[in-house]
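**Q** To start, I am sharing the structure in question, which I have written as structure tokens.
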Amino acid sequence: MPKKAPSATADDILATRVGALAFANPILAASGTYGSGAEYADFLPLAELGGIVTKSITLLPMAGNPPPRVVETASGMLNAIGLQNEGVEHFISKLLPPLRATTARVIVSIAGKSEEEYEALAMRLSPQPIDALEINISCPNIKAGGMAFSVSAALAAAVTRRVRRATRLPVWVKLSPNVTDIAEIARAVSDAGADALTVANTFLGMAIDIEKRTPALANITGGLSGPCIHPLTLRLVWQVRHAVSTPIVACGGVGSIKEALSFILAGASAVQVGSMNFIEPAICHRLKVELANWCRQRHTRVSELIGALQNSGGREDESDG
Numbered sequence: 005m006p007k008k009a010p011s012a013t014a015d016d017i018l019a020t021r022v023g024a025l026a027f028a029n030p031i032l033a034a035s036g037t038y039g040s041g042a043e044y045a046d047f048l049p050l051a052e053l054g055g056i057v058t059k060s061i062t063l064l065p066m067a068g069n070p071p072p073r074v075v076e077t078a079s080g081m082l083n084a085i086g087l088q089n090e091g092v093e094h095f096i097s098k099l100l101p102p103l104r105a106t107t108a109r110v111i112v113s114i115a116g117k118s119e120e121e122y123e124a125l126a127m128r129l130s131p132q133p134i135d136a137l138e139i140n141i142s143c144p145n146i147k148a149g150g151m152a153f154s155v156s157a158a159l160a161a162a163v164t165r166r167v168r169r170a171t172r173l174p175v176w177v178k179l180s181p182n183v184t185d186i187a188e189i190a191r192a193v194s195d196a197g198a199d200a201l202t203v204a205n206t207f208l209g210m211a212i213d214i215e216k217r218t219p220a221l222a223n224i225t226g227g228l229s230g231p232c233i234h235p236l237t238l239r240l241v242w243q244v245r246h247a248v249s250t251p252i253v254a255c256g257g258v259g260s261i262k263e264a265l266s267f268i269l270a271g272a273s274a275v276q277v278g279s280m281n282f283i284e285p286a287i288c289h290r291l292k293v294e295l296a297n298w299c300r301q302r303h304t305r306v307s308e309l310i311g312a313l314q315n316s317g318g319r320e321d322e323s324d325g
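When we follow this note's numbering, the leftmost residue of the sequence shown carries the number 5, and every step to the right adds one.
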């Protein structure tokens with residue numbers, strides 16, 4: 005009798021690629037929600053992750069915005085942290101070494117106030133033992149720079165091109181949902197050399213303290229994240245997939261494998277988990293296990309599910325509203 009073929013391992017089932025970069029599984033920790041990884045060491049070995057996207061790094065230390073800068077909302081949260089970090093040199097000397105002790109991919113998020121700052125960060129980080137750069141051009145909480153690069157196709161392309169020329173590393177560009185036409189921005193940065201697109205950053209929102217009659221955030225506005233934004237981000241992933249062939253990493257409202265799989269079926273090669281890390285610190289491990297079980301029960305693999313959404317040729321504006 006012929007030998008029975010060995011069953012696929014979890015890693016075989018979950019393996020995915022974002023461009024040329026291979027991942028053992030598609031579950032990544034999103035920037036700003038996982039610190040440098042060490043903060044979660046008591047809850048989850050970093051090796052369980054497909055990858056970690058670090059908190060955004062700037063050239064020089066940033067103090068961030070004044071408090072209050074986080075407020076809970078219905079099925080989500082608003083934050084106006086303001087890219088608080090201790091700068092690139094501190095990251096390289098203190099935070100990066102522990103990250104390299106893990107097998108998880110390390111993607112470093114960078115943010116700047118000018119093209120020159122992004123370029124300088126890319127050049128400084130390029131020789132380091134990291135796997136990719138994620139260009140944060142879409143933070144909604146920074147007055148100097150802020151979303152300026154992400155709302156203009158020309159500016160988004162210019163900063164992408166600058167970083168692309170400055171580094172050997174894969175370059176991911178994190179797009180903003182706070183634009184009129186995200187497909188236009190996606191096409192511009194893809195043509196400028198982006199290796200992948202992170203879709204998307206937080207939605208600009210606001211909350212009011214009705215007793216004090218003041219904004220709940222000192223910054224007045226902040227970035228909305230959490231389960232409430234998943235349907236909105238899912239539409240953006242679908243829209244970007246129909247606009248470009250550049251690999252997509254989806255980010256926004258993932259709390260179960262239903263949300264993760266929806267992103268993958270809509271065209272994402274990997275999924276970032278953000279705000280839910282605050283509620284369930286080991287959620288990335290749970291999603292990894294549940295995703296492997298789901299695929300095994302259906303005799304499929306993540307790589308076979310990417311962009312497998314059927315009957316998806318309708319107009320994006322078709323609705324009864």
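Where is the CB? At the ideal position from N, CA and C, for every residue including glycine.
Specify the secondary structure class of residue 104 as computed by DSSP and reduced to three states.
**A** coil
**Q** Let me check understanding here. Comparing Cα to Cα, which of 37, 273, 82 lies closest to residue 1?
**A** The question about residue 1 has no answer, for the chain in this structure spans 5 to 325.
**Q** Looking only at DSSP bridge pairs, what is residue 255 linked to?
**A** Paired residues: 276.
**Q** Using alpha carbons as the reference points, say which of 36, 17, 35 lies closest to residue 28.
**A** 17
**Q** Which same chain residues, not among the five before or five after residue 163, have their C-beta less than 7 Å away from its C-beta?
**A** 119, 122, 139, 141, 153
**Q** Just reading off the beta strand (DSSP E) that residue 138 is part of, what are its end residues?
**A** 136 to 140
**Q** Going by alpha carbons, who is nearest to residue 19 out of 268, 245, 114?
**A** 268
**Q** Using CA atoms only, rank isn't needed, just tell me which of 70, 191, 237, 223 is closest to residue 266.
**A** For the residues 70, 191, 237, 223, the minimum Cα distance to residue 266 belongs to 237.
**Q** Have a look at residue 148 and residue 312 and give me their C-alpha separation to the nearest angstrom.
**A** Annotation note: pLDDT 48 at residue 148 (below 50); position unreliable, no value reported.
**Q** Taking only the alpha-carbon atoms, compute the straight-line gap between residue 111 and residue 264 and give it to the nearest angstrom.
**A** Separation of residue 111 and residue 264 (C-alpha to C-alpha, rounded to the nearest whole angstrom) is 19 Å.
**Q** With 8 Å as the threshold, decide whether the Cβ of residue 256 is near any Cβ in chain B.
**A** Here chain B cannot be found, since the structure has a single protein chain.
**Q** Cutting at 7 Å between CB atoms, please list the residues of its own chain near residue 5, excluding the five before and the five after it.
**A** Any reading at residue 5 needs caution, since the residue's pLDDT is 36, under 50, leaving its predicted position unreliable; the model's value is listed next. Result list for residue 5: empty, nothing under 7 Å.
**Q** Within the continuous alpha helix (DSSP H) that includes residue 267, where are the two ends?
**A** Residue 267: member of the alpha helix (DSSP H) spanning 261 to 270, first to last residue.
**Q** So what's residue 292 in DSSP terms, helix, strand or just coil?
**A** helix
**Q** Indicate the three-state DSSP secondary structure (helix, strand or coil) for residue 199 in the structure shown.
**A** coil
**Q** Cβ of residue 115 within 8 Å of Cβ of residue 170?
**A** no
**Q** Take residue 62 as the anchor and find which of 36, 83, 46 has the nearest alpha-carbon.
**A** 36
**Q** Assuming the contact rule is C-beta atoms closer than 8 Å, residue 288 and residue 48 should be a hit. Round their C-beta distance to whole Å, please.
**A** 6 Å
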